[in-house]
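**Q**
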DNA sequence: GGACGAAGTTCGGTGGACCGAACTTCTCTG
DNA sequence: CAGAGAAGTTCGGTCCACCGAACTTCGTCC
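Residue numbers (UniProt numbering), protein chains in the order written: chain D, 1 to 227; chain W, 1 to 227.
Next up, the structure:
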């Protein structure tokens, strides 16, 4: 009795799967119960119980005290949730004129309520987009996702010119700050030195003025280095 | 500690309030526990318990074995849910190109997930509509609703010309049938005789061909009689 | 006015999702 | 290599929403 549609899952299960997938989207750090708990904002005791059920439903592999991994079935469902989330975000921005720092919360609740039919309609109306407003890739209806090979701005050498691929943070304040500085997906940045030992980087957007970005910000910005 | 926003209510409470309001939108029949149960598709024992809680929250007036009535606070919240529902339906039709028989189920789940902010955005994008795709009036953000004074097609005398104001049914099959016959809000109908004692009515839409409508259909169609 | 059936209520029980507190396991460090 | 602290698990308990079965109330009709 394998689950085939994400609509058959409870909202809570949908959330766990998406959280687990997200936690390993951009790193290879093992996914642990406490990291999941932090992500979904629940106690570890709650998560621990949930992991047992997910294991039983064969959506994850998890041996006690060990790391969590999605099974193929779990991954497929998680990607369906990620697809929902990112399509909804894109829709909110393009059709309802949300700003990109407003979409996450709204998408978080809508993603559990929309039907597969509606997801497809949204996809169609938007012209089957491949990136969401943060630059994140949108999985296809078949569950295929192609990750841009981007690096964190934090590690980029001074003097480089880079293209912003995606902004990973969910904090609206930081997103607003980056947006007002012009650091958006698709922007071209000239990377300079920061104040020595400050951990900050000086960045010029297009041909505009320079901005100083500290590590919280540079960690959130993923770029490809241009030749 | 009076509730002010519909978002503070549980989905279940939201449903009860909307159901109670809907049950007295077009009739003055007393709203009873069993009618509510039928509407929300739950057992009367469940509804009975729920009514006790709603009473305690001062959203309804209900003395045991008696009829149910919304308090002013309950009515305001119910109207907010009706507003959500009808705006979402309109949005699904106009923006996502749903047909009018597809919108009800989708709106039913979305209405619990959207934020007040999103409701307002939808309202704005649609140009602050006053009727939904079925012709039902949409309450304003302030909770004002103006009912068209329409009558059921069932009672209209042969020979009249009428304007379709609204279609009240939620059965997709009936809605499709009426739509394909051209019986839509805004349509002009010439009402004729039906087969004697059949309970049916012959109706001509615009200048098209005639259709026979039985009572299930004519009961669902609300019209104003033109001079 | 009494009895019957329909409508409504009460009550015990279920399942999901969550919590805090107590306990176990793991890991790292002295 | 022992033990402390962090991470993870277990367990009892809560709340919500629902159900079925048993019971009560109401209206009506003979």
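The beta-carbon is built from N, C-alpha and C at its ideal position, and this holds for glycine as well.
Within a Cβ cutoff of 8 angstroms, which residues of the same chain sit near residue 78 of chain W, ignoring the five residues on either side of it in sequence?
**A** Here the set comprises 17, 18, 20, 21 and 70.
**Q** Let me see if you follow: with CB-CB separation under 8 angstroms, is residue 113 of chain D close to chain W or not?
**A** Answer yes: the Cβ-Cβ gap between residue 113 of chain D and chain W drops below 8 angstroms somewhere.
**Q** Measuring alpha carbon to alpha carbon, tell me which of D:113, D:122 and D:76 ends up nearest residue 93 of chain D.
**A** With distances taken between Cα atoms, residue 93 of chain D lies closest to D:122.
**Q** Might you give, ordered along the chain, the residues of its own chain that have their beta carbon closer than 8 angstroms to the beta carbon of residue 102 of chain W, omitting 5 neighbours on each side?
**A** For residue 102 of chain W, where only same-chain residues beyond five positions count, the Cβ hits under 8 angstroms are 92 and 172.
**Q** Mind checking which residues open and close the alpha helix (DSSP H) that includes residue 218 of chain W?
**A** From DSSP, the alpha helix (DSSP H) with residue 218 of chain W extends over 215-220.
**Q** Below 8 angstroms on the Cβ atoms is my guess for residue 160 of chain W versus residue 114 of chain W; work out the distance and round it to an integer in Å.
**A** So it is not a contact: roughly 41 angstroms between Cβ atoms.
**Q** Kindly list, in the order they appear in chain D, the residues whose Cβ is closer than 7 angstroms to that of residue 81 of chain W.
**A** Per Cβ cutoff of 7 angstroms: no residues; residue 81 of chain W is ~14 angstroms from chain D at best.
**Q** Which one of D:43, D:73, D:155 and D:38 has the shortest CA to CA distance from residue 54 of chain D?
**A** Closest option to residue 54 of chain D, Cα to Cα, is D:73.
**Q** What did DSSP end up calling residue 49 of chain D once you bin it into helix, strand or coil?
**A** Residue state, collapsed to three classes: helix.
**Q** How should residue 63 of chain W be labelled, buried or exposed, when 16 other C-beta atoms within 10 angstroms of its C-beta is the threshold for buried?
**A** So residue 63 of chain W counts as exposed.
**Q** Can you tell me whether residue 112 of chain D is helix, strand or coil according to DSSP?
**A** DSSP places residue 112 of chain D in coil when its eight states are reduced to three.
**Q** With which residues is residue 210 of chain D paired in a DSSP beta bridge?
**A** Bridge partners of residue 210 of chain D: D:204.
**Q** Spell out whether any CB of chain D is found under 8 angstroms from the CB atom of residue 88 of chain W.
**A** With 8 angstroms as the cut-off, residue 88 of chain W does not count as an interface residue toward chain D.
**Q** So, with DSSP's three-state summary, where would you put residue 195 of chain W?
**A** In this structure, residue 195 of chain W counts as coil in the three-state DSSP scheme.
**Q** From what residue to what residue does the alpha helix (DSSP H) around residue 38 of chain W run?
**A** Looking at the DSSP string, the run of the alpha helix (DSSP H) that includes residue 38 of chain W is 33-40.
**Q** According to the Cβ coordinates, are residue 156 of chain D and residue 183 of chain D closer than 8 angstroms?
**A** No.
**Q** Between the stretch 107-135 of chain W and chain D, which residues of the former have CB atoms less than 8 angstroms from a CB of the latter, in chain order?
**A** The residues in question are 109, 110, 112, 113, 114, 115, 117, 118, 121, 122 and 125.
**Q** Output yes or no for whether 8 angstroms exceeds the beta carbon distance between residue 210 of chain W and residue 202 of chain W.
**A** Yes, Cβ-Cβ distance for residue 210 of chain W and residue 202 of chain W is below 8 angstroms.
**Q** Starting from residue 62 of chain D, trace the beta strand (DSSP E) both ways and give me its first and last residue.
**A** Where residue 62 of chain D is concerned, the enclosing beta strand (DSSP E) stretches over 60-62.
**Q** For the candidate residues W:212, W:30, W:4 and W:5, whose alpha-carbon lies nearest to that of residue 158 of chain W?
**A** The shortest Cα separation from residue 158 of chain W among W:212, W:30, W:4 and W:5 belongs to W:212.
**Q** Is it buried or exposed for residue 222 of chain W, if we count other Cβ within 10 angstroms and need 16 for buried?
**A** Classification for residue 222 of chain W: buried.
**Q** So who's on the other strand from residue 137 of chain D, going by DSSP bridges?
**A** Partner(s): D:131.
**Q** For a contact defined as C-beta to C-beta under 7 angstroms, what are the partners of residue 40 of chain D on chain W?
**A** Neighbours of residue 40 of chain D on chain W: none; closest Cβ ~18 angstroms, over 7 angstroms.
**Q** Closer than 8 angstroms, CB to CB, is residue 96 of chain W near chain D or not?
**A** Yes - at least one Cβ of chain D is within 8 angstroms of the one on residue 96 of chain W.
**Q** What did DSSP end up calling residue 103 of chain D once you bin it into helix, strand or coil?
**A** Helix, per DSSP.
**Q** Using the Cβ count rule (16 or more neighbours within 10 Å means buried), how would you classify residue 135 of chain D?
**A** That one is buried.
**Q** Compare the beta carbon distance of residue 220 of chain D and residue 140 of chain D with 8 angstroms and say whether it is the shorter of the two.
**A** Going by C-beta atoms, residue 220 of chain D is not nearer than 8 angstroms to residue 140 of chain D.
**Q** Pop quiz: residue 218 of chain W and residue 154 of chain W are said to be a contact at Cβ under 8 angstroms. What is the actual Cβ separation, rounded to whole angstroms?
**A** At roughly 4 angstroms, the Cβ-Cβ gap stays under 8 angstroms, so residue 218 of chain W and residue 154 of chain W are in contact.
**Q** Between the Cα of residue 187 of chain D and the Cα atoms of D:177, D:204 and D:174, which residue gives the shortest distance?
**A** Comparing Cα positions, the closest option is D:204.
**Q** Just list the residues that DSSP pairs residue 167 of chain W with in beta bridges.
**A** Looking at the DSSP assignment, residue 167 of chain W forms a beta bridge with W:221.
**Q** Hey, would you say residue 138 of chain D sits closer than 8 angstroms to residue 86 of chain D, going by beta carbons?
**A** In contact: residue 138 of chain D and residue 86 of chain D (Cβ atoms closer than 8 angstroms).
**Q** Compare the C-alpha of residue 124 of chain D against each of D:88, D:193 and D:106 and name the closest.
**A** Looking at the Cα atoms, D:88 is the closest of the given residues.
**Q** Hey, is residue 100 of chain W close to the ligand NAP, as in C-beta under 7 angstroms from one of its heavy atoms?
**A** Among the components modelled here there is no ligand, and therefore nothing to report on the ligand NAP.
**Q** Which two residues bound the contiguous beta strand (DSSP E) that contains residue 69 of chain D?
**A** From DSSP, the beta strand (DSSP E) with residue 69 of chain D extends over 68-70.
**Q** Any idea if residue 13 of chain D is buried or exposed, counting beta-carbon neighbours within 10 angstroms, 16 or more meaning buried?
**A** Result: buried.
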